Amino acid sequence: MTTEESTTSKNRKRKRQRNPKPSKEELIETTPKNQNNKKSQRDTKVQQHGGSSASSKRPKSSNFLDALRERLSGGQFRMLNEKLYTCSGKEALDYFKEDPEMFDMYHTGYQQQMSNWPELPVNSIINWLLSKSSSLVVADFGCGDARIAKSVKNKVFSFDLVSKNPSVIACDMSNTSLESSSVDVTVFCLSLMGTNYSSYIKEAHRVLRPSGMLLIAEVKSRFDPNNGGADPKDFVKAVCDLGFTSVLKKLIWFFAQDFSNKMFILFHFKKKEQVNSNQKIIKWPELKACLYKRR
Numbered sequence: 001m002t003t004e005e006s007t008t009s010k011n012r013k014r015k016r017q018r019n020p021k022p023s024k025e026e027l028i029e030t031t032p033k034n035q036n037n038k039k040s041q042r043d044t045k046v047q048q049h050g051g052s053s054a055s056s057k058r059p060k061s062s063n064f065l066d067a068l069r070e071r072l073s074g075g076q077f078r079m080l081n082e083k084l085y086t087c088s089g090k091e092a093l094d095y096f097k098e099d100p101e102m103f104d105m106y107h108t109g110y111q112q113q114m115s116n117w118p119e120l121p122v123n124s125i126i127n128w129l130l131s132k133s134s135s136l137v138v139a140d141f142g143c144g145d146a147r148i149a150k151s152v153k154n155k156v157f158s159f160d161l162v163s164k165n166p167s168v169i170a171c172d173m174s175n176t177s178l179e180s181s182s183v184d185v186t187v188f189c190l191s192l193m194g195t196n197y198s199s200y201i202k203e204a205h206r207v208l209r210p211s212g213m214l215l216i217a218e219v220k221s222r223f224d225p226n227n228g229g230a231d232p233k234d235f236v237k238a239v240c241d242l243g244f245t246s247v248l249k250k251l252i253w254f255f256a257q258d259f260s261n262k263m264f265i266l267f268h269f270k271k272k273e274q275v276n277s278n279q280k281i282i283k284w285p286e287l288k289a290c291l292y293k294r295r
């Protein structure tokens with residue numbers, strides 16, 4: 001063997017020592033397919049011992065947390081709803097000033113409740129306004145998401161306890177910034193919630209022009225005297241004693257007595273052109289609080 005051949009042979013040996021050729025068993029052990037099989041075997045063993053893989057746990061955990069959040073949110077909504085029905089407007093205003101996020105939580109729960117209604121009173125009021133002149137000026141007391149203002153061409157003053165956009169005026173509804181006799185229509189859509197609800201209606205009377213319209217939509221159970229609600233006749237009488245006349249009187253009595261046809265009752269009143277100088281002592285009936293049960 002020549003010197004050159006000997007050198008070449010030694011180099012090959014050194015190379016094999018540095019990079020030893022893997023055996024057949026080692027090649028099989030390190031293939032991706034075999035690695036996948038090992039992972040599959042591990043998952044199978046875990047499941048056989050009553051466990052589950054991480055991927056199967058993740059959706060269950062997420063669903064549980066979502067259900068828990070919804071339950072907590074529903075409980076907070078019911079608490080806030082009861083508070084609004086059992087305190088004055090000023091107390092509610094102060095409460096939401098301290099924690100405005102609670103207002104968002106309340107309206108989220110409110111929207112969830114309304115999604116179960118076959119018919120929404122705000123849509124009936126919007127349709128009524130659309131059938132009238134767009135020149136009428138409207139005041140929406142307790143506007144919520146200001147849906148009325150978004151749905152009609154009329155000038156609408158939207159009032160609520162908290163303002164989340166520039167079109168909504170935050171205030172106590174018994175004391176708005178409107179001038180006397182400055183609007184044509186006042187609206188209360190499921191918003192006669194405070195213990196001093198009569199002061200809201202008095203404010204509506206103040207800002208309405210003579211012959212202006214007052215629309216009140218409320219949950220029917222609040223006017224069911226057989227189940228702790230107010231007698232609708234007493235409510236209508238109190239509003240009329242304030243300085244209104246009842247419109248569609250027969251229709252109002254029909255709705256008041258038929259509690260199965262709709263979820264709400266819609267009252268229409270017109271402000272008298274001349275106010276009676278003799279001040280009457282008005283007896284306002286107590287309206288039943290609309291409390292939601294846990295589902």
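Going by the UniProt record's numbering, the first residue of the sequence shown is number 1, and it counts up by one from there.
Just so it is clear, CB atoms sit at the ideal spot from N, CA and C, and this is done for glycine as well.
Just so you know, these numbers come straight off a predicted model, no measurement behind them.
Runs of the alpha helix (DSSP H) spanning 4 or more residues and lying entirely within the region 89-142 occur at 89-98, 101-114, 121-130, in chain order.
In the DSSP assignment, H268 is bridged to L215, V247. Per the coordinates, the alpha-carbon of G109 lies some 25 Å from the alpha-carbon of N227.
The three-state reading of DSSP puts D241 in helix, counting H, G and I together.
Under the DSSP assignment, A170 falls in the beta strand (DSSP E) whose first and last residues are 168-170. Between the alpha carbons of L129 and K153 lies a distance of about 9 Å. If you draw a 10 Å sphere on the C-beta of S115, you find fewer than 16 other C-beta atoms in it, and that means exposed.
Here D160 is buried: its Cβ has 16 or more other Cβ atoms, across all protein chains shown, within 10 Å. Nearest to D94 by alpha-carbon distance, out of R209, R147, V239, V162, is V162. Between the C-alpha atoms of L120 and D224 there is a straight-line separation of about 19 Å.
The beta carbons of Y106 and M193 sit about 11 Å from each other, so the pair does not count as a contact at 8 Å.
For S199, the enclosing alpha helix (DSSP H) begins and ends at 197-207.
By the neighbour-count criterion, in which a residue is buried when 16 or more other Cβ atoms sit within 10 angstroms of its Cβ, P232 is buried.
Sequence-distant Cβ neighbours of I148 in its own chain, meaning closer than 8 Å and more than five residues away, are V122, I125, I126, L129, V138, D140, V156, S158, V187, C189.
Counting C-beta atoms within 10 angstroms of its own C-beta, N165 has fewer than 16 neighbours from the protein chains shown and is therefore classed as exposed. S221 and V247 have their C-alpha atoms some 21 Å from each other. Here L208 is near S181, since their CB atoms are less than 8 Å apart.
Per DSSP, K150 is one residue of the alpha helix (DSSP H) stretching across 147-151. For K155, the enclosing beta strand (DSSP E) begins and ends at 155-160. The residue among V275, I169, V236, M263 with its C-alpha nearest the C-alpha of E286 is V236. When the five nearest sequence neighbours on each side are left out, the beta carbons in the same chain lying within less than 6 Å of the beta carbon of A92 are those of L84, L161, in order along the chain.
Secondary structure of V236 (DSSP, three-state): helix.
Among the bridge pairs identified by DSSP, F77 is matched with none. By the Cβ neighbour-count rule, I281 is exposed, with fewer than 16 other Cβ atoms within 10 Å of its own. Per DSSP, V275 is not a residue of any beta strand (DSSP E), being assigned neither H nor E. Ranking L80, D184, W284, V168 by CA distance to the CA of G229 puts W284 first. In this structure, the CA atom of D184 is about 10 Å from the CA atom of K271. Around F96, the same chain offers M102, F103, L161, V162 as residues with beta carbons nearer than 8 Å, after the five sequence neighbours per side are excluded.
By the Cβ neighbour-count rule, V168 is buried, with 16 or more other Cβ atoms within 10 Å of its own. Beta-bridge pairing by DSSP links F188 to F141, I216.
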